[in-house]
Amino acid sequence: MALDRKVGLIDGLRYRGGGPMLAWILHRISGLGMILFVSLHAVAGYFTQQAGSDWAININIIYQSLWFQLFIYFAVIYHALNGIRIIVLDLWPKMLEYQREATWLQWLIFIPMYGMTIFIMISRAFGAE
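In terms of the working numbering, the sequence shown opens at residue 391 and continues consecutively.
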């Protein structure tokens, strides 16, 4: 039995604040970022193999840049941890009352993982291997 809500598109997309809405937005942005990366990677591979043009080099410059890689690592790690949180809350509905704590736990795991990733990437980018 579905809820009968008469909510328009604009009202449904309006940001209402809070952790769950921010997690929802970041989950969607990180998913789109991963789709963008895979698409760029496939297009660059096609242009390298089939056309042999400079398009592949230009696309490789985009997705091999430090800023793009920092975003992709953010997207992958956040999307994975948020997906695990959603799966746990879906499998055990009684855990929904602890959603705020689950979100904080997700961030407590995410921040050191991503921080270490940033540290390693930046130290290698500036030649401190």
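Ideal Cβ positions, reconstructed from N, Cα and C, are used throughout, including at glycine.
Since this is a predicted model, take the numbers as computed values, not measurements.
- Residue environment for N472: buried (at least 16 other C-beta atoms within 10 angstroms of its C-beta).
- Your pair M503 and I451 does not check out as a contact, with CB atoms roughly 27 Å apart and the cut at 8 Å.
- Per DSSP, the continuous alpha helix (DSSP H) segment holding L481 begins and ends at 456–481.
- M424 is a Cβ neighbour of A465, given a cutoff of 7 Å.
- E491: member of the alpha helix (DSSP H) spanning 489–515, first to last residue.
- Within the same chain, M485, L486, Q489, A492 come within 7 Å of L479 by CB-CB distance, once the 5 residues on both sides are set aside.
- Shortest Cα-Cα distance from H417 to any of P483, I476, L498, W494 involves I476.
- Put simply, of I400, D444, L456, I462 the residue whose alpha carbon is nearest the alpha carbon of L426 is I462.
- 7 Å or more divides the Cβ of I415 from the Cβ of A434.
- Exclusion of the five residues before and after S420 leaves A465, Y468, H469 as the residues of its chain whose Cβ lies within less than 6 Å of its Cβ.
- With a threshold of 16 other beta carbon atoms within 10 Å, Q440 falls short and is exposed.
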